[in-house]
Each structure stands twice: as C-alpha cells, then as structure tokens.
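What follows is a single structure, written as structure tokens, with notes after it.
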Amino acid sequence: MRSGTKRWTAVLLATAVLANTAACGGEAADGEITLRFSYWGGPARQKMTQEAIKKFEAQNPNIDVEEEFSDFGSYYETLATKVASEQAPDVITIEIRGLREYAERGTLADLSSTVDTADIDGKVLSTGAIDGKQYAIPTGVNAWSLVADPKAIKDAGEKLPDDTVWTWEEYADLAARITERTGGKVYGTQQAFNPAFLQIFAAQRSESLYQGNKIGISPQTLKAWWAIHRKLITTKGSPDAAKSVELATLGEDRSLFATRNGAMGMWWSNQLGAISKASGGRQVDLLRMPKAQGADAGGMFLQPAMFYTAAAKSKHPAQAAQFINFMINDPEAGAIILSDRGLPASSKVLAAVGDKLPESDKKTLAFLDEIKDELTAPPAAPPKHASAIEDILTRYTDEVLFGRMTPDAAAQKLITEANALIAG
C-alpha cells in the first residue's frame, strides 16, 4: 500500500555522513552475550515477540536479547542511521524492498551455512538470496489476493464469481453492477495500487516488474493496468480518483469494508483477519486475482512478509544466527508468534501450530494450499532504490487517474525515470 512506501535512498544518503562509533553487540565481564534485535510493529507484536525472546533466553542463559522496537513509520530511518554509524543491530528485520540495498552495502552477513533452512520452500527461500549468498531468512509468507464480502455481493443481487476463470473485464463489470444495484451505498470494489498488483498483472502478460537492473514491464502493460483503474472509476465500480487514492493510504480499519461500503478489494492474504475484524466480524473470503483474457498463468506468488538478517560486523555472528534459527524453526517460538509475521515459512513449524491459528488464518492457509500449484515463482529482491521507484509509480498513476497526463506519456516517462534511477 502507499502508506508502506519508504524512501530508502534518501534516508541512506542523509545518514551516510555520520561518524563511526561502537560496533554492534556486546559481551559482559561475566561472559554473558548481548544481542541487539531490531523489528517494527504494534503493541500486540511487541508483546508476543518479548514472550518469544524470554523463551530463547531461557534456553540460552548466556545470551541476553535486547530488543530495538519501533513503529513502522520510523523504523527504516532509525535503522539507516544506526547502519551509517556502524551501530547496526546484530539481528535486523527487513522487507524485500530494502534487501538488496543493505546486502550490497556490506551490511548483512551470509547465513547460508549458519541457519537451518531445510523446511523452507526453496523458491521462497531464494527471495532472500543475492548473488548466491543467503542474506535473509523468510519469517513467513503471504500472497496478494482479492478479498470479497459474499453477503454484500449477494445483497446486491449478484453471485460470487468463479475465480478460476474470471477476467479483469468481468471483475470491473461486476464491481459496476454492485455499485449500481445498491444505489451507490456499496461500491463494487476498493482500488489498490500496490506494486504486487502490477507484478501479477504483468506476469499474466509474460512480463515482470523488474528484469535484472531494468524495468521489465512494457508501456503497453502499464497502460492496460491503468485502464483497469480508470474503468472502475468511470463506471463507478469504485469511488472516484480522489477517494480511491485516499483509501489506498489507509489501513484496514478505515477501508470500505470497515464502513460496510465495499464488496471487494485487494490485500495481502495475511490481512484477512484484520479486514474481517474491521468489518465487524463479517465473513470475508479470499479469491484468485482475475486474469487477462487468454493468459496462461495467473501470476499470483508467495512473498515473505519480512525477513530476519544478521549484521555482517556483529561481534557474535554465531549467536545471531542461533537466535534467527530459533525464531524460524523452534515450534515453541512458532506457537507464540503464530501468523504475526506471515504464515510460518518453516513447514514443520506450520504443521505444529496449524491448529492454534485463528480461524481467518486457517482460511488463508486453506486458500494458499488450494492455489499452490498455480503460483508462479516469487520475484527476486528488486534492484536498489525499489522504494523510490514505487514513489515514481505512485506519482505517475496519480497523473493518469486525475487526467493530468495521458497514459502514453506517463508510461514512457515512468520507465525512463525509473531506469535512470536504477542505473544511478
């Protein structure tokens, strides 16, 4: 979502002037080792993480884990400052958008031979690898999916689509009919502009968002993607451009589902529980994304919700890897964290905690199991400046939706500007 976009490059350049100071980690006079662990989230995540840390410390009495916790909004700026001043935490939580940025700057350690990854799907695991080195271990997985409210669709006199065959045109037409038949009280869908949506759309056209260190999508694909957004607006299948852009920056608790003014939308699959809660506990279902007419592949993929990484200059690399191994592979840690960081990446941990998952996560797990044979390989870590490129995508999408630029001009300028940034 737009609210999740981070300006990695600006932050890193702004903090690169800081002087060198103490290295990460520490060892007390009595031999006790202190590991610093950075992560973001809300109070619920902090509480369960603290519980998991206590469990690890009980198993390893000589290791003390010192958490460095913040909200999402300030996390990466704080992390960049620490890295630039050579005070990187021993264990660092990171998203795929910033992985290459930090790995290629020499910030992260190669965990290839230090963390047990035998029970992690190889394709998912590969998203944390760059140039043959495993810099990052996936915490858990999710998939960008379509979310539907069956009751809202039925109340509008419509039926849930057959998501194994439906097209983008059918999706847009269904959204328009729902809005029309409810007199505008319920919009057919809430728009989303997440790059994962574009990645899926491009894959259906045998393209990818990135092709090595260049933009991989063609102007034609960008224009077709924008055409879907514009059709939803002009047919009133979604709110107008201003409202759609605003909604894309808000969380589930302020979505059309929360106000019961929407029947469909797009989110990551691990957000299903939050969406259901925001809508007052109504049943919401996950559906396959619509397809381009005649597409061979649906383009949906599993993506790590986040990764654990270790600092290359940690004074305690073995213990940092030991902590990551615990958080990824220990069933007791899994029973505490459950799906908070995505459905567990370790198949053994997932099997051990499956019965303990909330009902919404069980539904998500069943959905992902249903579509597993249809999924494409997860995209590799994007080039440096990925978050800045997302800003570019957002800017030109706005220009098209508000009619300030033609799709032809916007597509050409977006690709030129993004490629220049990647090459810089």
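Residues -22 to -1, 1 to 402 (mature numbering (1 follows the signal peptide of the UniProt record, and there is no 0)) make up the sequence shown, in order.
All residues carry an ideal CB built from backbone N, CA and C; glycine is no exception.
Starting from residue i and walking both ways along the beta strand (DSSP E), at which residues does that stretch end?
| i | result |
| --- | --- |
| R14 | I11 to W18 |
| T287 | L280 to A288 |
| T117 | I115 to A126 |
Taking 8 Å as the cut-off, is the CB of residue i close to at least one heavy atom of the ligand FAD?
| i | result |
| --- | --- |
| M244 | With respect to the ligand FAD, the structure offers nothing, as it holds no ligand at all. |
Since residue i is in the alpha helix (DSSP H), which residue starts that stretch and which ends it?
| i | result |
| --- | --- |
| Y165 | Where Y165 is concerned, there is no enclosing alpha helix (DSSP H), given that its DSSP letter is neither H nor E. |
| L265 | Premise fails: L265 lies in the beta strand (DSSP E), D263 to L265, not in any alpha helix (DSSP H). |
| D42 | Not the alpha helix (DSSP H): D42 falls in the beta strand (DSSP E), residues I41 to S48. |
| T375 | A364 to L379 |
| V102 | G100 to S104 |
| T394 | P385 to A401 |
| T27 | P21 to Q37 |
| T157 | W146 to R159 |
| G135 | Neither: G135 is in no alpha helix (DSSP H) and is coded neither H nor E. |
Count the other CB atoms, across all protein chains shown, that sit within 10 Å of the CB of residue i; report buried if there are 16 or more and exposed otherwise.
| i | result |
| --- | --- |
| T(-18) | Residue confidence is low: T(-18) scores 42 on pLDDT, short of 50, so the model does not pin down where it sits. Its coordinate-derived value is still stated next. Classification for T(-18): buried. |
| V143 | exposed |
| P268 | buried |
| Q261 | exposed |
| A398 | exposed |
| R382 | exposed |
| S184 | exposed |
| P21 | exposed |
| E79 | buried |
| T117 | buried |
| A7 | A caution first: A7 carries a pLDDT of 49, below 50, which makes its placement in the model unreliable, though a value can still be read off. When all chains shown are included, A7 counts as exposed. |
| G166 | buried |
| Q198 | exposed |
| G110 | exposed |
| K192 | exposed |
| F301 | buried |
| D68 | buried |
| V84 | The question names Val, yet the displayed sequence has Gly at residue 84. Answer is exposed; the Cβ neighbour count stays below 16. |
| Q177 | buried |
Could you give the distance in angstroms between the alpha-carbon of residue i and the alpha-carbon of residue j?
| i | j | result |
| --- | --- | --- |
| R232 | G162 | 18 Å |
| A226 | D386 | 24 Å |
| I31 | M284 | 18 Å |
| E44 | Y17 | 11 Å |
| L103 | A134 | 43 Å |
| I41 | K391 | 52 Å |
| L280 | V119 | 6 Å |
| A330 | L265 | 26 Å |
| Q297 | S257 | 43 Å |
| Q169 | S247 | 16 Å |
| A(-1) | N307 | Reliability fails at A(-1), whose pLDDT of 39 lies under 50, so the model's placement of it is uncertain and the value that follows must be treated cautiously. For A(-1) and N307, the distance between alpha carbons rounds to 31 Å. |
| A236 | E230 | 7 Å |
| S123 | K201 | 22 Å |
| Y374 | T394 | 12 Å |
| K137 | P39 | 58 Å |
| A323 | I131 | 34 Å |
| Y113 | S365 | 19 Å |
| Q182 | P173 | 14 Å |
| residue 405 | K101 | Shown here, the chain extends from -22 to 402; a query on residue 405 therefore has no answer. |
| A388 | S338 | 39 Å |
| L92 | G215 | Per the sequence presented here, residue 92 reads as Thr, with Leu not at that position. When rounded, the distance between both Cα atoms is 51 Å. |
| E10 | E64 | 22 Å |
| F50 | L57 | 11 Å |
| T384 | D141 | 32 Å |
| Q28 | A311 | 11 Å |
| T95 | D263 | 31 Å |
| P361 | G402 | 11 Å |
| E148 | A62 | 50 Å |
Out of the options, point me to the one whose CA is closest to residue i's CA.
| i | options | result |
| --- | --- | --- |
| P217 | E136, V164, W203 and D263 | V164 |
| Q189 | P357, L379 and E395 | P357 |
| K344 | L250, P309 and A273 | Note that residue 344 corresponds to Ala in the displayed sequence, not to Lys. The shortest C-alpha separation from A344 is found at L250. |
| T157 | E377, F47, N239 and G84 | N239 |
| D351 | L316, K326, I115 and A275 | A275 |
| I74 | E368, A396, S222 and W204 | E368 |
| D88 | T287, S317, A396 and H294 | T287 |
| residue 415 | A273, L234, I315 and K33 | No answer is possible for residue 415: the residues shown for the chain start at -22 and end at 402. |
| A219 | G243, G402, F380 and Y53 | F380 |
| Q24 | L152, F47, F15 and G312 | F47 |
| K33 | F304, R319 and L346 | F304 |
| I108 | D99, L86 and D97 | L86 |
| D318 | P295, P336 and K326 | P336 |
Problem set entry | Completely contained alpha helix (DSSP H) runs for the region 172 to 222, where each covers 4 or more residues | Correct list: 173 to 181 and 197 to 212.
For this session: Ignoring anything shorter than 3 residues or poking outside the region 235 to 272, list the beta strand (DSSP E) runs there in chain order.
Result: Complete beta strand (DSSP E) runs here, min 3: 242 to 246 and 263 to 265.
Exercise. Can you list, in chain order, the stretches of the beta strand (DSSP E) that have 3 or more residues and sit fully within the region 271 to 351?
Worked result: The qualifying runs are 280 to 288.
Problem set entry | Runs of beta strand (DSSP E) wholly within the region 56 to 86 (minimum 3 residues, chain order) | If we require 3 residues or more, the beta strand (DSSP E) runs fully inside the region 56 to 86 come out as 69 to 72.
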